[in-house]
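Number of protein chains: 2
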Amino acid sequence: MKLKESGIVVGVSNRHLHLSQKDLEILFGKDHELKNIKDLKQPGQYAAEEVVTLVGPKGKMERVRVLGPVRKETQVEISKTDAFKLGVNPPVRDSGDLDGTPGIKIVGPKGEVELEKGLILAKRHIHMHTKDAEFYGVKDKDIVYVMCNTDGRKTIYGDVLIRVSEKYALEFHVDTDEANGAFLKTGDEIKIVEEL
Amino acid sequence: MKLKESGIVVGVSNRHLHLSQKDLEILFGKDHELKNIKDLKQPGQYAAEEVVTLVGPKGKMERVRVLGPVRKETQVEISKTDAFKLGVNPPVRDSGDLDGTPGIKIVGPKGEVELEKGLILAKRHIHMHTKDAEFYGVKDKDIVYVMCNTDGRKTIYGDVLIRVSEKYALEFHVDTDEANGAFLKTGDEIKIVEEL
């Protein structure tokens, strides 16, 4: 196995959602604007003050965080552990690839949305600036393996999507199941596997 | 990468505990005997009817299953997700290797045990009969990598302990975080990595 130089840090994504302007107004009221309470590492992205409740056939989850800014389509990202609790079965998908995904009921302080599609388990991915992609010798949409050399739970994650943009900061995104299964935490460093 | 022949199935371990006779009697009453409600794949092991509540500094978990038969020492096995909820920080350990591990409060119908040690995250492991070990070319206490070739979440788990005994059936044990992070479920097949 051959590993590339490091410098790629982990960002663990807890369950969260992105809202369309339309759904935002149904849930929080007409002309509502999201309030940024914390900038995320990806430029322009932020955790909003707003939280909602997700309601599935088997259970509900309260205080699920909205991330801003608003997007073209509402997208809800949960873990497989969350999916078991809610009683839903979303597929693993890249962000924005929502055709054929299940929906879920979202409850806000001013209204409810019965989402028709948009519930996913996020595909593991690495955000990269164009210059990072050059440095690591990869390109947008490449699929790589990543070595997580953690104490007692060494793990090599495959199916990791490379996403390159002038707007991205270098960060490996996994959900809470993936983080816990490999003992990763936000800020840990991982390495891309150059040759397996 | 070179994979060995398969035939090794996954057994996902939900949170559970093994009790000493002494702790069993404190929690369930004098001379109490565990009631077998379901044999496990490992010969002689079973899920008992008895459940307890685990109480940590930040939360509690109800209906945690006792596995039988009784053991020399009480051992509680949870996931990292469970650990966050309870507010505890157990290490990854092999079964029975409990020195220096934290304890936890266990509440049963007849009494409570303030465990001094025994709370662990189980180390990934493969149970094997002696004949299986010969077939796969490994021996007791070897550490291997395992390929989980699951849809959208391909994962290679390292730090997998080989445990060989005349009494064991062939089975790869992971906890719920590890199962969800790699999209594994009980009965799935995995392969030992012969060469990485």
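Chains as they are written, first to last, in the numbering used here: chain A, 1194 to 1389; chain B, 1194 to 1389. For glycine and all other residues, C-beta sits at the position ideal for the given N, C-alpha and C.
Query	Result
What would DSSP say about D1333/A, mapped onto helix, strand or coil?	coil
Compare the C-beta of P1358/B against all C-beta atoms of chain A and say whether one is closer than 9 angstroms.	Here residue 1358/B is Ser; the residue named in the question, Pro, does not match the sequence. No - not a single Cβ of chain A is within 9 angstroms of the one on S1358/B.
Report yes or no: is there a C-beta of chain A within less than 9 angstroms of the C-beta of F1328/B?	no
Would P1371/B be called buried (16 or more neighbouring beta carbons within 10 Å of its own) or exposed?	The sequence shown places Glu at residue 1371/B, not Pro. Result: buried.
Please report whether the beta-carbon of K1347/B lies at a distance below 9 angstroms from any beta-carbon of chain A.	yes
Where are the beta strand (DSSP E) runs, 3 residues long or more, that stay fully inside the stretch 1347 to 1387 of chain B, in chain order?	1348 to 1357 and 1364 to 1368
Taking 7 angstroms as the limit between beta carbons, can you name the residues of its chain near K1197/A, skipping five residues before and five after?	Y1329, K1384, I1385 and E1387
Would a check of beta-carbon distances place G1351/B closer than 9 angstroms to chain A?	yes
Is it a yes or a no for the stretch 1313 to 1326 of chain A touching the stretch 1275 to 1295 of chain A, going by three-plus beta-carbon pairs under 8 angstroms?	yes
Is any beta-carbon of chain A found at less than 9 angstroms from that of D1368/B?	yes
Excluding the 5 residues flanking G1301/B on each side, which residues of the same chain have their C-beta closer than 7 angstroms to its C-beta?	L1220, F1221 and V1245
Can you tell me where the alpha helix (DSSP H) with I1219/A in it begins and where it stops?	Q1214 to F1221
Figure out for me which residue from E1382/B, T1379/B and G1374/B has the closest Cα to the Cα of D1275/A.	G1374/B
Could you run through the stretch 1260 to 1293 of chain B and flag, in chain order, every residue whose CB is less than 9 angstroms away from some CB of chain A?	S1272, K1273, T1274, A1276, F1277, P1284, V1285 and R1286
Among residues of its own chain, excluding the 5 on either side of C1341/A, which ones have a beta-carbon nearer than 6 angstroms to its beta-carbon?	T1348, A1375, L1377 and I1383
In the structure shown, what three-state DSSP assignment does D1232/B receive?	strand
Just confirm the distance between the C-beta atoms of H1225/A and L1260/A, as a whole number of angstroms; I'd bet it's less than 8 angstroms.	Rounded, the Cβ-Cβ distance is 15 angstroms, inconsistent with contact.
Below 8 angstroms, can you find three or more Cβ-Cβ pairs linking the stretch 1348 to 1358 of chain B to the stretch 1356 to 1365 of chain A?	no
Suppose you measure from the CA of H1320/B to the CA of G1296/A; what does that come to, to the nearest Å?	40 angstroms
Which first and last residues belong to the beta strand (DSSP E) in which T1343/A is found?	Unbroken run through T1343/A: none, as it is neither H nor E.
In three-state terms, what does DSSP make of L1314/B?	strand
What does L1196/B touch in chain A if you count any residue whose Cβ is under 9 angstroms from its own?	Near L1196/B there are no residues of chain A at all, since even the closest Cβ is about 11 angstroms away, more than 9 angstroms.
Considering only C-alpha positions, which residue in the set T1343/A, A1326/A and G1304/A is nearest to D1223/A?	According to the sequence shown, residue 1223/A is Lys rather than Asp. Of the listed residues, the one whose Cα sits closest to K1223/A is G1304/A.
I'd like the span of the beta strand (DSSP E) that includes K1273/A, first residue to last.	Looking at the DSSP string, K1273/A is not in any beta strand (DSSP E); the run it does join, the alpha helix (DSSP H), is K1273 to L1279.
What residue does the beta strand (DSSP E) around T1246/B start on, and which one ends it?	Y1239 to V1248
Can you give me the start and stop residues for the beta strand (DSSP E) that G1261/A sits inside?	K1253 to R1264
Give the straight-line distance between the Cα atoms of Q1235/B and A1241/B, rounded to the nearest whole angstrom.	14 angstroms
Count the other CB atoms, across all protein chains shown, that sit within 10 Å of the CB of D1390/A; report buried if there are 16 or more and exposed otherwise.	Residue 1390/A lies beyond the residue range present for chain A, which begins at 1194 and ends at 1389; the question has no answer from this structure.
Do you know whose CA, among L1247/B, R1258/B, H1318/B and V1202/B, lies nearest N1229/B's CA?	R1258/B
Quick one: which chain D residues come within Cβ less than 9 angstroms of L1389/B?	Absent here is chain D; the protein component of the structure consists of chains A and B.
So, helix, strand or coil for E1327/A, using DSSP?	helix
Start and end of the beta strand (DSSP E) containing K1197/B?	Here K1197/B belongs to no beta strand (DSSP E), and DSSP marks it neither H nor E.
Between which two residues does the beta strand (DSSP E) containing I1299/A stretch?	K1298 to V1300
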